[in-house]
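Following: one structure in structure tokens, then a few remarks.
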Amino acid sequence: MKHLLRNIVDAVRGRPAFILPPSAFILLLFASCMREERGFRVSPPPSGRVQTVRLTELQPGPAQPMEVTQNAYEQNAYAVSEGKRLYEQMNCVGCHFHGGGGIGPPLMDARWIYGSDPSQIFSTIVQGRPNGMPSFRNKLNDDQVWKITAYVRSLSGQVEKDVAPSRSDDMSGPPPESSTEKKPPVKSGGIPKSAEMPK
Amino acid sequence: MAVRVLCSVLFPSGVNMSRVRSVVPAVRGLLLFLVVLLSSSACSNANKDGGPSAAPQPKAPQATNLPTGAQSANEQEDGQWLMPAKNYASTRYSGLDQINSDNVKTLKVAWTFSTGVNRGHEAAPLVVGDTMYVVTPYPNILYALDLKNPGSVKWKYEPDPAAAAQGVACCDLVNRGAAFYDGTIFYNTLDAHTVAVDAATGRELWKTQVGDINKGETVTMAPIVVKGKVLVGNSGGEFGVRGWIQALNVGDGKVAWKAYNTGPDTDVLIGADFKPFYAKDQGKDLGVSTWPPDQWKIGGGTVWGWISYDPELNLIYYGSGNPGPWNPDARPGDNKWTCSVIARDADTGAAKWAYQVGPHDLYDWDGINESLLVELPFNGQQRKVLVRPERDGYVYIFDRVTGEVLSAEPFAHLTATKGVDLKTGELAHVEEKKPGTGKVVRDICPAAPGAKDWEPSAFSPKTGLVYIPHQNLCMDFEGVEANYIAGTPYVGANVKMYAGPGDGHRGEFTAWDPVAQRAVWKIEERFPVWSGAVVTAGDVVFYGTMDGFFKAVNARTGEVVWQFKVGSGIIGQPIVYKGPDGREYVAVLSGVGGWSGAVVAGGLDPRDPTGALGYLNAMGDLPQYTTKGGMLYVFSLP
């Protein structure tokens, strides 16, 4: 492996490489495949989309699959990094930190108290939630919320690696979003704080 | 409910007989008839429900003379525990000596009680007569437990604080306890209300809103009652609130006075009586001029810690919290009166003296720690002093009459400061450890929670030592842009904490000789010692650890004589009391949490070292040692 790497380095530097095994070419080829395909005119989902979103899988009668929202910003590295900037500027970082949580719950794990679907996250941000999550209605426009939503999902590896931010300009924190292990969201969600109080 | 009220109206505990005699006989007859009718039917019904009886209530003692703890006062130990710090001097010293450093090794669990709450339990139980009172973290339930029938609930009071308050509590959902005065229990709720509850019945007497959660204000401190007023302060230094202390009348909860810790002198209640000892603290409207324009309005200086009272001088003493935001670049200037020790007139709140421990605080070193009021010999003279083991790592000893610093010696590993000049009162900083925007500064010792946080120390007049629970933590700190959005965190810093020098131990328990100004002995602990301390006339010191050990230590030698593993890590304040059976008991709440225990209490993800304001980096292994769950433990000799 070391040998292979040196060959690649040499090749990049333009030095004559005695042997450049075909595997190196294949490796380089795949590397170029990993690049994000940037759409320049993508639109986030219509905000009316969040009106129909459910918070629970439980529904009387025959089982109905949960709707899944496609947020086009999750394929757009620029939008995700804008989401990261907003996440910090709007003080999301003050409660959830860089995914580990503190005042608010962690966002890098697989437990989603109020749902992991982009529409669910969108409505959590806009509406707020009763156990401490403030409502950011009128503080952010819909476009900004969709960007933050895309970034929030990148914290737990729900966004493709080539789109997720790779390195922070700040003091090193958790592993970069692009290296965060993707874990499928826990099906039943998390336990809201309110469920922990005796009544 | 209506019936119960009527019953208590008809059977008041102290009936005014002269007035009854003057009533016209016919009316008297009717009244008598009604009384008989109601007492035979309605009142017995109320009893069947298991509700409070209408028969003469077992009244809690009406003590209005709270223990001063002054060494000169020669007070009788009554075996009760009426306020978290035991007495006005905040010494946490119990005069009981049945349990001593020899026999404490046989200590056994007497009884336990589950609070049913899973967050960090920082409170001290109270013992009044034959009742124990326990306040839980949010939702701030108050339990009255019967000591004659150990662990059984006499009544429970639920203030139902707003659930949204959980989102503006910086460091878990803690509450540091209640205070007893004149048949009433007073305490604060997370959503910034102060409540007064009848100690005998659990009936709410009044409830006053003292802060606004939409601005980020919560209240976590334990109030103290001084001369018929309940003293309360706010929390929210990480949310850009403006710090204050206020006095509520015990009778009706109305505000008697309120003093801010930032802003113009009129708001800070600084007047003609204000005589700070050092030139650095003298001047007009320093609460405005030491800030960028209007920054003092969101500048912190909260009062979430401890208040002491000296009845002779009629002064209260407390410290104020950190300035906001943490990033110091946002607030050039001294930022008065944050991180300050302040003495005020107990009746009017007028400031008497102040000393800013941390001008232009750089590291979140709140000045809210306890003030122990003791008498000590200094240069051959007996002085009335105030001992403060500070967050910045020095034990400050003040002349509490004048505010002069008599001593400031380090009790922990320090890299960011070089000592206090006792002539000028200035704290010398190490230049290369000063943080700023976009700059990462490493190896700052102590870390943001300081060498010692809120966890209160104890003083024994027998040994003359101060017993200090504290941390051994350092940190890396990066200043970042801070945006003020009301009701959201206003910090502007990325922080990573880690163990200070040594084998990775993050906590210490130090016995400090305030006269010799040095440590006498020290115990190292794996995790920060986040519990309070208590010391007894039997020369035993008690404290708890975050990995769940409750320990008894020989107060003179520092030898751990006994320990017991409780269910969840301990961050509460132990107390010592005499039960109705005349025996000595030790009680403590277990239930890990708080800022240091947020990784367990809040289920945080330790992969993010910056989580919980950087504490997560130092506490990632805590879940291997403890789980959450609130439980009261009471110990006694077999």
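Chains as they are written, first to last, in the working numbering: chain A, 278 to 476; chain B, -5 to 632. Backbone N, C-alpha and C define an ideal beta-carbon position, used for all residues, glycine too. Just so you know, these numbers come straight off a predicted model, no measurement behind them.
Asked                                                                                                                                                                     : Found
Closest Cβ-Cβ distance between D599(B) and chain A: below 8 Å?                                                                                                            : yes
Hey, G458(B) and V509(B): beta-carbon distance below 8 Å or not?                                                                                                          : yes
Do G315(B) and G294(B) count as a contact pair if the criterion is CB distance below 8 Å?                                                                                 : yes
Find the nearest neighbour of K330(B) within the set W347(B), A344(B), H354(B), judged by alpha-carbon distance.                                                          : H354(B)
Can you tell me which of V514(B), F503(B), Q511(B) puts its alpha carbon nearest to the alpha carbon of F536(B)?                                                          : F503(B)
Quick one: is L610(B) near chain A, going by C-beta distance under 8 Å?                                                                                                   : yes
DSSP three-state call for L32(B): helix, strand or coil?                                                                                                                  : Because the pLDDT of L32(B) is 44, which lies under 50, any placement of that residue in the model is unreliable, and the question is left without a value.
If we cut at 8 Å on Cβ distances, does K464(A) have a partner in chain B?                                                                                                 : no
Which value, in whole angstroms, describes the spacing of the CA atoms of T329(A) and K416(A)?                                                                            : 23 Å
If contacts are defined as beta-carbon pairs under 8 Å, then C165(B) and G588(B) qualify, I think. What distance do you get, rounded to the angstrom?                     : 6 Å
List the whole-angstrom C-beta distance separating V570(B) from V528(B), where the pair is believed to meet the contact cut-off of C-beta under 8 Å.                      : 6 Å
According to DSSP, is I569(B) helix, strand or coil?                                                                                                                      : strand
Skipping 5 residues on each side, what residues in its chain have a beta carbon closer than 6 Å to that of T396(B)?                                                       : F271
Looking only at its own chain, which residues have a Cβ that is under 8 Å from the Cβ of D439(A), when we skip the five neighbours before and after it?                   : M311, R312, E313, A354, S455
Enumerate in chain order the residues of its own chain whose CB-to-CB distance from H407(B) is below 6 Å, with the five nearest sequence positions on each side excluded. : C439, G494, P495
Could you list which residues in chain A have their beta carbon closer than 9 Å to that of T260(B), in chain order?                                                       : Here the premise fails: no neighbours, minimum Cβ distance about 32 Å.
Would you report the Cα separation of P322(A) and A592(B), rounded to the nearest angstrom?                                                                               : 36 Å
Which residue marks the beginning of the beta strand (DSSP E) containing P404(B), and which one marks its end?                                                            : 399 to 404
If I measure Cβ to Cβ from D615(B) and keep anything under 7 Å in the same chain, skipping five residues before and after, which residues do I get?                       : none
What alpha helix (DSSP H) runs, 4 residues minimum, are completely inside the region 221 to 301 of chain B?                                                               : 259 to 262, 280 to 283
Which residues share a DSSP beta bridge with A118(B)?                                                                                                                     : G171(B)
Which residues of chain B have a Cβ atom closer than 9 Å to the Cβ of N418(A), listed in chain order?                                                                     : Per Cβ cutoff of 9 Å: no residues; N418(A) is ~16 Å from chain B at best.
Quick check on this structure: which residue in M77(B), A345(B), G230(B), I179(B) has the alpha carbon closest to the alpha carbon of E198(B)?                            : I179(B)
Does the Cβ-Cβ distance between G566(B) and A117(B) come in under 8 Å?                                                                                                    : yes
Span of the alpha helix (DSSP H) holding H373(A)?                                                                                                                         : 369 to 373
Taking only beta-carbon atoms, is N316(B) less than 8 Å away from chain A?                                                                                                : no
Does P453(A) get closer than 8 Å to chain B when you measure Cβ to Cβ?                                                                                                    : no
Taking C-alpha atoms, which residue in I391(B), Q618(B), G596(B) lies nearest to V111(B)?                                                                                 : G596(B)
Confirm, please, whether the CB-CB distance from D267(B) to A344(B) is below 8 Å.                                                                                         : yes
Would A441(A) and N348(A) be called neighbours here (beta carbons separated by less than 8 Å)?                                                                            : no
Does any CB atom of chain A fall closer than 8 Å to the CB of V485(B)?                                                                                                    : yes
Under the rule that 16 or more other beta-carbon atoms within 10 Å means buried, what is L25(B), buried or exposed?                                                       : With a pLDDT of only 45 at L25(B), under the threshold of 50, the placement of this residue in the model should not be trusted, and no figure is reported.
Helix, strand or coil for Y355(A) per DSSP?                                                                                                                               : helix
Checking contacts by CB at 8 Å: is G561(B) closer than that to chain A?                                                                                                   : no
If you run the structure through DSSP and keep just helix, strand and coil, what is V460(B)?                                                                              : strand
Starting from L409(B), find everything on chain A with Cβ-Cβ shorter than 7 Å and list it in chain order.                                                                 : Position check: residue 409(B) holds Thr in this sequence, whereas Leu was assumed. Ordered by position in chain A, no residue passes the 7 Å Cβ test against T409(B), which lies about 18 Å from the chain.
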